[in-house]
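From first to last, the protein sequence lines are chains A and B.
Numbering-wise (our numbering), the first sequence opens with residue 138 and increments by one.
Numbering-wise (our numbering), the second sequence opens with residue 852 and increments by one.
Just so you know, even glycine gets a beta-carbon here, dropped at the ideal spot from N, CA and C.
Here the structure is a predicted model, which means the values were calculated and not measured.
Have a look at the structure below, then the notes.
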Amino acid sequence: MTKANINKIVKSIVITGNGTNCEVEMAHACRLAGSDVVDIVHISELLHGEKRLDDYHFLNLPGGFLDGDDLGSAKAGANRIRHATIEGTEEKLYDQMTRFIRDGKLILGVCNGFQLLVKLGLLPGFDGDYLTQTVTLSFNDSGRFEDRWVHLAVNSESPCIYTEGTKCLYLPVRHGEGKFIVRDPSILTRLHKEGRIAVQYSSDKDGSPTMDYPANPNGAIDAIAGICNDTGRIFGLMPHPEAYLHRTNHPRWTREDLPETGMGLIIFQNAIDFIRRQVI
Amino acid sequence: MAHRIEIGFKEGLGDALGTKIKRRISEHLHIPIGDVKTVDVYTIDGSFSYEELTKVAAGPLSDAVIQHYVIDGALADNFDWLIEVGYRPGVTDNVGKTAREAMELLLGRSPDRTFNVHTSRQYLLRGTLGREEAERIATNLLANDLIERYEVVPRQDWDTDKGMTPFVPRVTGADLIRSEEIDLDVNEEALSAISNERVLALTLEEMQILRDYLRDPTVREERKKVGLGAMITDGELECLAQTWSEHCKHKIFNAIIIYDDGEGCTETINSLFKTCIKGSTQQIREKMGAKDLCLSVFVDNAGIIRFNENYSLVFKVETHNSPSALDPYGGALTGIVGVNRDPFGTGYGAKLIFNTDVFCFAPPDYDKTLPKRILHPRRIYEGVREGVEHGGNKSGIPTINGCLIFDERFLGKPLVYCGTGGIMPAMIQGKPTHTKEICPGDLIVMTGGRIGKDGIHGATFSSEELHEGSPVTAVQIGDPITQKKMTDFLLKARDLGLYRCITDNGAGGLSSSVGETAQLSGGCDLDLKCAPLKYPGLNPWEILISESQERMTLAIDPVRIDAFLALAAKMDVEATVLGKYTDSGVFHVRYGNSTVAYLRMDFLHNGLPQMNLRARWSPPRREEPVFPPPADTGQALKQMLSRLNICSKESVVRQYDHEVQGGSVVKPLVGAMNDGPSDAAVIRPLLDTYEGIVVANGICPRYSDIDAYHMAACAIDEAVRNAIATGASLDHLAGLDNFCWCDPVQSEKTPDGEYKLAQLVRANKAVYDYTIAYGVPCISGKDSMKNDYAIDNTRISIPPTLLFSVIGKIADVRQAVTMDAKRAGDIVYVLGETRNEMGASEWYALHGYVGNTCPRVDAEKAKRLYTALARAIGKGLVASCHDCSDGGLGVALAETAFAGGLGMEIDLAMVPQEGIDRDDYLLFSESQSRFVATVSPDHQKEFEEILRGEDSNPSPVAYAAVGEITASPFLSLRGTTREILMMESIADLKAAWQKTLS
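Below is the structure:
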């Protein structure tokens, strides 16, 4: 399908199956943010060629436990995307994904979706290498899965298009494997230098990045909570923006004056607006 | 041949699991220990080249950034003891299954190459340990001997070059498939022996009924036609044992009971279930008339009520006590994924939207000698917690609330209550979804997991006490991802109308799921040879009753079968046709061409006569406590806040995802620092409406030490008042009754059976009285009647326990209220009357007493208060509201203050009370139907007007303004003498509350 055929209609896809579990609220977020078409697509529909990534602009990889995270978070899921072929063809799902990136389209991975992006090598994706894994997300220092709300400091220098116009965010983390680790120090240096670190766990007191538990819930190095690729169009983060779409999602909504719309929605609005402005 | 791939963390990188194990070794086992490292081991039972294995190890099995691997070698180095733990043959290995699938995808699937992957884990310990200590670490912490095997290797016996020899836990056994026939025409002794030896849990009388059935000449004639003789087949015997088990048939709840109330009155109760539970619901529904919210009660796997015009709600709570006693992790995991299938298999099938869990354990710091075969309570606590964590989190269902109860008697059996709610469209494809139908000719289809020997005799086993010979196979390990894949598929099939009927495979496996649904058509013809097996060697009867997890049974119109199977194949879910439903009147089971069971449906389901039981009540008389009031009330309050039944459960709550699905409104932890204990959960199941659901639980086993009637009444009141405190109203509230009892059948081993049965009768009478009084119908329930431990001369019975769970609708979630104090200057109210009801309270327990006067619920007054309070909350007049339960007013006031990060000045003399002359009793009495509420002075007038109600009211609601919220962070109490009784900083109170289980 050519760009002209899409007709300025923003189309979002949320991939589900094999253990994802945040697809409904992620699709809801896309809809609230103004996406004209939002499809929750089971991975089997992609693998059977019934749906194609090429027909969408915004790819959402939701949280969950792909294959139970049995081989390490998203490991078996990454193996599937990397090696599974589309029924009756030689094409791999991964080919559709790299083409999606080449076309300048947007990918958002949350929690397990972030783990998937990292383990596929799509993030940080230095120098257009989308095959080599250079960072990872490993077990929390606490050794526990935890559900708690965290403050995030947004890096204004980052090319990340999703966080544009925001300074801080307050969102829940819900994971057991969220500790960000790099292969070697040069990777970390480069992440900093290129502004790839879009969001960091921060102290609720002064908003600065922190290594203190529980503000930094997993011991991530340099408090890294989310990173993006060089164009800022691929973004992955551990906290869940789709879990805070309405003020009643906030843990203290009964005691604080809060805007009707939750803070997580901006991530999706920025994505949809960007697509309308620059992708279509 | 078998290969080993070992995967470990690179040098210098943390090993979070190793660190956690190290902490547990030193803190729980008190063994001094150095570093602990872990190595994951994949044993691959198949032929692969080194290149292929490298591809697998470097690809899906390891993370190159942090891990390294070795193929057919050893990573272990620099340790003093090595302990490797793996599963025993036949135990579900979820990780192994995922690894095999990943390998197939990576290397290509080939029919010539079948292989399996088995996982194990090495723990490398540093430290000067002896063998005895290493063995203790293996058996008391790392491995559960029942399902796992382990090897302990000291450094000096280790050869790095050789490493560990691959061990494959292959299921071996007779490949000969056989059906056995058992002669029941034998004497009584021999009949009983058959039941005992086969773990059938059938009584002599029941065995005699089977014998007599087979003696019937017309039955013999019918059997002859299908090639069966006069003897019963193993398939028939096992199937009947499942269907007639206490677990499936609720024999005690359906019994005829002669109840003697101990004061000379005797009455005959024809089924507690029919009279007290179903009877009350029926009355409530009639009274509600057009406003009746029930759609399906007591007939399906779960109850169904209306949510709004377009959607219905489904709710069920189950227990999984016996398996959790043997294997806490697997038992509890199976408990949660098992109860998930109940709402999923109710009506036409519901999407699962919340879990709620209640656990009852012995204290984790138990330090006396453990009776034989009992795991340490801490292990049970940790294992159950983790099992439910994995089951709930991986299924993507939020665990929205729950509670933990501690009592030493739960050593005998822990109680693991798992509840799940679902939502479904009221109509699908033009048909109502809350009913079930099956037509003769519909195909019997099983989907999901395969069948193994796991879980055989689960139903009959849980109908017995825990004893020496409790079977290993009774334990299963659930696989949430296989189930998630299946439920994703079945929801699609549901919306396309591809099946006619759905039910789950739980206790009793196919024999129950097919046996029960076959009643809808009038019979079945089931071929067990078609069933997909995990491994060969299962006998037909084992296939029939296996409780292997993640399976649903469906009835499918033959015209839709191709579409159904195609969708299943596409979504990678196994689905198999196993036969068809008929109207033959017969439960007919074949293995290929040979019949393995041929039973009349009527006999199978109605052949069991009612039990006749006797119950005799005599109220226990206990010593009246004598102890002086505390010299330091602040200290006493802190002691109370630290008690296991009162303290913060945050460490557990945080490990459950309570927000997935995006509809979280009132979380289990609320307040200024997100750490206050909320009373009930509120969620929005549909993200485009403000209509919401309130879910709450009530449970108070201690009160049954005095009178199970009041125990049950208080459980109901607690559940209802928790829901009310958060914003529910009595108009749209339904309940689930879930009884866990100790064996109430009088026998040689249970000499006090008549008393325990009287407790059951009394609890049921309370369910009847209070559900009717509140107009809250029970829509489903469950009972687990054999929660005892009996080995050698030790017998431990749990305290009789009713968990009452409620589900309600809140019209607009923005009206929900949380328990934390909101603003300085708000007025603090105590609603409801405090009475001298100290019996079985936490305050008495702290002093080692039980006493005689436990709280009693005055339903009339309570109902008036709940109605008024719901109105006030609906009008937005209430800033915070917290229920008073364990630890009474003192605890509720402290929690309200510290959750809000604010202080309080309280005058206890103002508290509405009756018959109390001690401040400590006023503070810690657990009188029911009370709240601490805070209200802004702007709303005071209107709030009080609503509470006062009509002037003509003969029994007004008790309430009083007792103080004020302060910015100064101290809880200050003035006693009845108007002297300052205590003044404590809220930080200290909170610290006391948080330290116990942190």
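Practice item. Using 10 angstroms around the beta-carbon of Tyr901(B), count the other beta-carbons present and answer buried if the total reaches 16, otherwise exposed. Key: Position 50 of the second sequence, counting from 1, holds the residue named residue 901(B). Exposed, by the Cβ-count rule.
Exercise for review: Please name the residues in the stretch 207-229 of chain A whose beta-carbon is closer than 7 angstroms to at least one beta-carbon of chain D, in chain order.
Suggested key: Chain labels in this structure do not include chain D; the protein chains are A and B.
Review point. Using a C-beta cutoff of 8 angstroms, does Asn945(B) count as contacting chain A?
Key: Counting from 1 along the second sequence, the entry for residue 945(B) is found at position 94. It does: the Cβ of Asn945(B) has a partner Cβ on chain A nearer than 8 angstroms.
Check your understanding: So which residues of chain B does Cys159(A) contact, with C-beta pairs closer than 7 angstroms?
Key -> Counting from 1 along the first sequence, the entry for residue 159(A) is found at position 22. Near Cys159(A) (Cβ distances below 7 angstroms), the residues of chain B are Val1511.
Review point. Start and end of the alpha helix (DSSP H) containing Val1190(B)?
Key: Along the second sequence, one-based indexing puts residue 1190(B) at 339. Counting along the chain, the alpha helix (DSSP H) containing Val1190(B) begins and ends at Pro1179 to Phe1195.
Exercise for review: Give, in chain order, every residue of the stretch 236-259 of chain A whose Cβ lies closer than 8 angstroms to some Cβ of chain B.
Suggested key: Lys256
Point to revise | Cβ neighbour criterion (16 or more within 10 Å) applied to Thr139(A) | key: Taking the first sequence and counting its residues from 1, one reaches residue 139(A) at position 2. Low confidence applies here, because Thr139(A) scores a pLDDT of 45, under 50, leaving its location unreliable and the question unanswered by this model.
Practice item. Indicate whether the contact test is met: 3 or more Cβ pairs, each with one atom in the stretch 1595-1607 of chain B and one in the stretch 1116-1123 of chain B, closer than 8 angstroms. Key: no
Exercise for review: Return the first residue and the last residue of the beta strand (DSSP E) that Trp390(A) is part of.
Suggested key: Residue 390(A) sits at position 253 when you count from the first residue of the first sequence. Segment: none, Trp390(A) is in no beta strand (DSSP E) and carries neither H nor E.
Exercise for review: Measure from the alpha carbon of Ala211(A) to the alpha carbon of each residue in Ala867(B), Leu864(B) and Asp914(B), then state which is nearest.
Suggested key: Residue mapping note: residue 211(A) aligns to position 74 of the first sequence, counting from 1. Residue Asp914(B) is the option with its Cα nearest to Ala211(A).
Point to revise | Cα-Cα separation, Asp824(B) to Glu1240(B) | key: Since the first residue of chain B shown is 852 and the last is 1849, residue 824(B) is not available in this structure.
Practice item. Would you check if the distance between the CB atom of Leu1753(B) and the CB atom of Thr1817(B) is smaller than 8 angstroms? Key: Numbered from 1 along the second sequence, position 902 holds the residue referred to as residue 1753(B). Numbered from 1 along the second sequence, position 966 holds the residue referred to as residue 1817(B). A contact, by the Cβ cut-off of 8 angstroms.
Review point. So which of Thr894(B), Ala908(B) and Asn929(B) has the shortest CA-CA distance to Asp886(B)?
Key: Residue numbering aside, residue 886(B) sits at position 35 when the second sequence is read from its first letter. Per the Cα distances, Asn929(B).
Check your understanding: What residues of chain A sit near Ile1332(B), judged by a beta carbon separation below 8 angstroms?
Key -> As a first step, residue 1332(B) is located in the second sequence; it is residue number 481 there, counting from the start. What Ile1332(B) touches in chain A: Asn155, Gly156, Phe202, Asp204, Gly205 and Asp207.
Review point. If we count Cβ pairs, one from each stretch, closer than 8 angstroms, do we get three or more for the stretch 1542-1554 of chain B versus the stretch 1521-1533 of chain B?
Key: yes
**Study point:** Leu1177(B) to Leu1226(B) span [Cα, whole Å]
**Key:** Within the second sequence, the letter at position 326 stands for residue 1177(B). Within the second sequence, the letter at position 375 stands for residue 1226(B). Cα to Cα, the separation comes out at about 8 angstroms.
Practice item. Determine, using beta carbons only, whether Pro1322(B) comes closer than 8 angstroms to chain A. Key: Along the second sequence, one-based indexing puts residue 1322(B) at 471. Confidence is the limiting factor: at Pro1322(B) the pLDDT is only 48, short of 50, which leaves the residue's position unreliable and the question unanswerable from this model.
**Study point:** the stretch 263-282 of chain A: positions lying closer than 8 angstroms to chain B by Cβ
**Key:** Gln270, Thr271, Val272, Thr273, Ser275, Phe276, Asn277, Asp278, Ser279, Gly280, Arg281 and Phe282
Review point. What's the C-alpha gap between Val936(B) and Tyr1001(B)?
Key: Taking the first residue of the second sequence as 1, we reach residue 936(B) at position 85. Taking the first residue of the second sequence as 1, we reach residue 1001(B) at position 150. Roughly 4 angstroms separates the two Cα atoms.
Practice item. Please compile the residues from chain B whose C-beta is within a distance smaller than 9 angstroms of the C-beta of Arg311(A). Key: Taking the first sequence and counting its residues from 1, the one referred to as residue 311(A) is at position 174. Within 9 angstroms Cβ-Cβ: Asn1244, Asp1508, His1509, Glu1510 and Val1511.
Exercise for review: Determine the contact status of Met1403(B) and Asp1339(B), defining contact as a CB-CB distance below 8 angstroms.
Suggested key: Here residue 1403(B) refers to the residue found at position 552 when the second sequence is read from its first residue. Here residue 1339(B) refers to the residue found at position 488 when the second sequence is read from its first residue. Contact: no.
Exercise for review: Select from the stretch 355-382 of chain A all residues with a C-beta closer than 7 angstroms to any C-beta belonging to chain B, and list them in chain order.
Suggested key: Glu379, Ala380 and Leu382
**Study point:** Cross-chain neighbours of Ala1201(B) in chain A, by beta carbon under 9 angstroms
**Key:** As a working mapping, residue 1201(B) is identified with position 350 in the second sequence. What Ala1201(B) touches in chain A: nothing, since even the nearest Cβ is about 15 angstroms away.
Point to revise | C-alpha gap between Ile318(A) and Ala360(A), whole angstroms | key: Within the first sequence, residue 318(A) is the residue found at index 181, counting from 1. Within the first sequence, residue 360(A) is the residue found at index 223, counting from 1. Using only the alpha carbons, I get a separation of about 10 angstroms.
Check your understanding: Ala1748(B): which of Ala1672(B), Ile1757(B), Ile1797(B) and Gly1741(B) sits nearest, CA to CA?
Key -> For the purposes of this step, residue 1748(B) is taken as residue 897 along the second sequence, with counting starting at 1. Ranking the options by Cα distance to Ala1748(B), first place goes to Ala1672(B).
Review point. How about Phe1415(B) and Ala1406(B): are their beta carbons less than 8 angstroms apart?
Key: Mapped onto the second sequence, residue 1415(B) falls at position 564. Mapped onto the second sequence, residue 1406(B) falls at position 555. No. Outside cutoff.
Review point. Glu857(B) and Tyr920(B): beta carbons closer than 8 angstroms?
Key: In the second sequence, counting from the first residue as 1, residue 857(B) sits at position 6. In the second sequence, counting from the first residue as 1, residue 920(B) sits at position 69. Yes, Cβ-Cβ distance for Glu857(B) and Tyr920(B) is below 8 angstroms.
Review point. Whose C-beta lies closer than 7 angstroms to the C-beta of Gly1632(B) among residues of the same chain, with five residues either side of it excluded?
Key: Here residue 1632(B) refers to the residue found at position 781 when the second sequence is read from its first residue. So the qualifying residues of the chain are Ile1128, Leu1587, Asp1588 and Asn1589.
Review point. Quick one: Cα of Phe899(B) to Cα of Ala853(B), how far?
Key: Taking the first residue of the second sequence as position 1, residue 899(B) is located at position 48. Taking the first residue of the second sequence as position 1, residue 853(B) is located at position 2. If I take the Cα positions, the gap works out to 9 angstroms.
Point to revise | Neighbouring residues, chain B, relative to Glu162(A) (Cβ below 7 angstroms) | key: Reading the first sequence from its first residue, position 25 is the one you call residue 162(A). Gln1512, Gly1513 and Leu1538, listed in chain order.
Review point. Are three or more beta carbon pairs between the stretch 306-325 of chain A and the stretch 346-360 of chain A nearer than 8 angstroms?
Key: yes
Review point. Using a beta-carbon distance cut-off of less than 7 angstroms, what residues from the stretch 1411-1439 of chain B approach chain A?
Key: Lys1421, Met1422 and Asp1423
Check your understanding: Out of Gly373(A), Thr273(A) and Arg384(A), which has the shortest C-alpha to C-alpha gap to Leu325(A)?
Key -> Looking up residue 325(A) in the first sequence gives position 188. Out of Gly373(A), Thr273(A) and Arg384(A), Thr273(A) has the C-alpha closest to the C-alpha of Leu325(A).
Point to revise | Beta-carbon gap between Gly1676(B) and Leu1716(B) smaller than 8 angstroms | key: Your numbering for residue 1676(B) matches position 825 in the second sequence. Your numbering for residue 1716(B) matches position 865 in the second sequence. Taking 8 angstroms as the Cβ cut-off, Gly1676(B) and Leu1716(B) do not qualify as a contacting pair.
Review point. At what residues does the alpha helix (DSSP H) containing Ala867(B) begin and finish?
Key: Walking along the second sequence from the start, residue 867(B) turns up at place 16. Its alpha helix (DSSP H) spans residues Ala867 to His879.
Review point. Can the beta-carbon of Leu1798(B) be found less than 8 angstroms from the beta-carbon of Leu1744(B)?
Key: Here the question's residue 1798(B) lines up with position 947 in the second sequence. Here the question's residue 1744(B) lines up with position 893 in the second sequence. Cβ distance not < 8 angstroms, so Leu1798(B) and Leu1744(B) don't count as in contact.
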